[in-house]
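The structure appears right after this line, and notes come after that.
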Amino acid sequence: MTVPPAPVVFSKGHGTGNDFVILPDPQAALDLSAAQVAALCDRHFGIGADGVLRVVPTRAVPEVQDQADVADWFMDYRNADGSLAEMCGNGARVFARYLVQNEMAAPGRITFATRAGTLWADVPITGEVSVGMGTPASAGLQAVAVSVPGLEAEGVAVHFPNPHVVIPVADIDQAGELRESPQLAEPELLPEGTNFEFVQVLSPGHVRIRIHERGVGETLACGTGACAVAWLHVQQMELGPQPNVRVDLPGGVVTVSQLQSGEWVLTGPAELVATGVLEQGWWHAA
Numbered sequence: 059m060t061v062p063p064a065p066v067v068f069s070k071g072h073g074t075g076n077d078f079v080i081l082p083d084p085q086a087a088l089d090l091s092a093a094q095v096a097a098l099c100d101r102h103f104g105i106g107a108d109g110v111l112r113v114v115p116t117r118a119v120p121e122v123q124d125q126a127d128v129a130d131w132f133m134d135y136r137n138a139d140g141s142l143a144e145m146c147g148n149g150a151r152v153f154a155r156y157l158v159q160n161e162m163a164a165p166g167r168i169t170f171a172t173r174a175g176t177l178w179a180d181v182p183i184t185g186e187v188s189v190g191m192g193t194p195a196s197a198g199l200q201a202v203a204v205s206v207p208g209l210e211a212e213g214v215a216v217h218f219p220n221p222h223v224v225i226p227v228a229d230i231d232q233a234g235e236l237r238e239s240p241q242l243a244e245p246e247l248l249p250e251g252t253n254f255e256f257v258q259v260l261s262p263g264h265v266r267i268r269i270h271e272r273g274v275g276e277t278l279a280c281g282t283g284a285c286a287v288a289w290l291h292v293q294q295m296e297l298g299p300q301p302n303v304r305v306d307l308p309g310g311v312v313t314v315s316q317l318q319s320g321e322w323v324l325t326g327p328a329e330l331v332a333t334g335v336l337e338q339g340w341w342h343a344a
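Residue numbering for the sequence shown follows my numbering, beginning at 59 and increasing consecutively.
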């Protein structure tokens, strides 16, 4: 007798409008292809999302098995086009909320594995989630020339840990429609692609940004981008020790702060909005 395939369940969540399809995979049985991820994230023919979060035991994934002693679960994050990413700050908050809400971790301080290393999160039963984001992987202020239709500007490359180019502007509307990725004058400087953040300073410790994310397009929020922007803002404004930076995103507000240890922390909302089961025929055809 042929045993029918197990149903593929999913949840949908977002952090300040940066939305994700969450796939629980406790048996490490899902072998996700880029095409399947892109199909899930398609906003017309799929569920629609900026990315996919697979929830899988750390010990079952060779590339992160070295984190299994301190982190039970691995956040396998994929961009909307199916490409892999080192980490995602908003996704990390949603991932942590998912673990607690589904009783896979207790409320409070939890840890989980990512391709950028082990992260911690503070997850209350309700309310905002904080995630430890570490420090910039490269703190050198590398200037890069960037252009969008109607604007040529100079940005700064910051890895936190994903690659970002932070571009100061008088008004974020100068970024234009952002239907296509901004162009680097020297793309060989960032050969694996980059995210772009256009930043308007409202006051010391308060900025407003728009984001074009590699593999996704313009998004309502980017957690690692908010951290890269806040870190650079603190350097440029000389805000002093243990600063707090409010970052206004199209999808809401997050706070980026620095601990006495030097680590940066991202705090903001994380909400689960739906659960369901994928249609087997659609999933296998994806």
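We put the CB at the ideal spot given by N, CA and C, even for glycine.
Flag residue i as yes if its beta-carbon sits less than 8 Å from any beta-carbon of chain D, otherwise no.
{"i": "VAL95", "result": "The structure shown contains no chain D, having only a single protein chain."}
Tell whether a beta-carbon distance below 8 Å holds between residue i and residue j.
{"i": "THR282", "j": "PRO219", "result": "yes"}
{"i": "PRO236", "j": "GLU296", "result": "In the sequence as presented, Pro is not what sits at residue 236; that position holds Leu. In this structure, GLU296 does not lie closer than 8 Å to LEU236 by Cβ."}
{"i": "VAL114", "j": "ASP134", "result": "yes"}
{"i": "ALA138", "j": "VAL331", "result": "no"}
{"i": "TRP178", "j": "THR169", "result": "yes"}
{"i": "VAL265", "j": "GLY234", "result": "no"}
{"i": "GLY73", "j": "PRO327", "result": "yes"}
{"i": "GLY175", "j": "ARG136", "result": "no"}
{"i": "GLY147", "j": "VAL189", "result": "yes"}
{"i": "ALA284", "j": "LEU307", "result": "yes"}
{"i": "PRO301", "j": "GLY263", "result": "yes"}
{"i": "ARG173", "j": "MET145", "result": "yes"}
Whose C-beta lies closer than 7 Å to the C-beta of residue i among residues of the same chain, with five residues either side of it excluded?
{"i": "LEU336", "result": "VAL66 and PHE68"}
{"i": "THR60", "result": "For THR60, the pLDDT reaches just 47, beneath the cut-off of 50, and the residue's location in the model is therefore unreliable, leaving the point undetermined."}
{"i": "ALA288", "result": "VAL303, VAL305 and VAL314"}
{"i": "VAL216", "result": "PRO194, HIS222, VAL224, ALA286, TRP289 and LEU290"}
{"i": "GLY31", "result": "Coverage of the chain is limited to positions 59 through 344, which leaves residue 31 absent and any answer about it impossible."}
{"i": "ALA344", "result": "ALA93, GLN94 and ALA97"}
Measuring CA to CA, which of the options is closest to residue i?
{"i": "ALA195", "options": "PRO327, TRP322, ALA343 and VAL331", "result": "TRP322"}
{"i": "ARG117", "options": "LEU324, GLY106, VAL110 and ASP130", "result": "ASP130"}
{"i": "GLY339", "options": "ASP83, GLN85, ALA86 and GLN94", "result": "GLN94"}
{"i": "GLN318", "options": "GLY192, ASP89, LEU90 and ALA150", "result": "GLY192"}
{"i": "ASN160", "options": "GLN232, ASP89 and LEU81", "result": "LEU81"}
Given residue i, which residues of its chain have a CB within under 8 Å of its CB, disregarding the five upstream and five downstream residues?
{"i": "VAL204", "result": "GLU210, ALA211, GLU212, GLY213, VAL223, ILE225, PRO240, GLN241, LEU242, ALA243 and PHE254"}
{"i": "PRO84", "result": "VAL113, VAL114 and PRO115"}
{"i": "ALA64", "result": "ALA87"}
Measure the beta-carbon distance from residue i to residue j and round it to whole angstroms, keeping in mind my assumption that it falls under 8 Å.
{"i": "ILE105", "j": "LEU111", "result": "Rounded, the Cβ-Cβ distance is 13 Å, inconsistent with contact."}
{"i": "GLY75", "j": "LEU324", "result": "Actually they do not touch by this definition, with Cβ atoms about 15 Å apart."}
{"i": "SER141", "j": "ALA92", "result": "7 Å"}
{"i": "ALA86", "j": "VAL122", "result": "With a Cβ gap of about 12 Å, ALA86 and VAL122 do not count as contacting."}
{"i": "ASP77", "j": "ALA107", "result": "5 Å"}
Go through its chain and collect everything with a Cβ distance to residue i's Cβ below 6 Å, but skip five positions before and after it.
{"i": "ASP180", "result": "ARG167 and SER188"}
{"i": "ALA163", "result": "LEU157"}
(Q) Whether or not the region 69 to 78 and the region 145 to 162 are in contact is what I'm after, with contact meaning three or more pairs of Cβ atoms, one per stretch, closer than 8 Å; do they touch? (A) Cβ pair count under 8 Å is three or more, so yes.
(Q) For the structure I just gave you, are there three or more beta carbon pairs, one from the region 244 to 256 and one from the region 303 to 319, closer than 8 Å? (A) The region 244 to 256 is not in contact with the region 303 to 319.
Q.
So, does the region 224 to 235 touch the region 256 to 268, judging by three or more C-beta pairs under 8 Å?
A. Using a Cβ-Cβ distance cut-off of 8 Å, the region 224 to 235 and the region 256 to 268 are in contact, since at least three pairs of beta carbons, one from each stretch, lie closer than that value.
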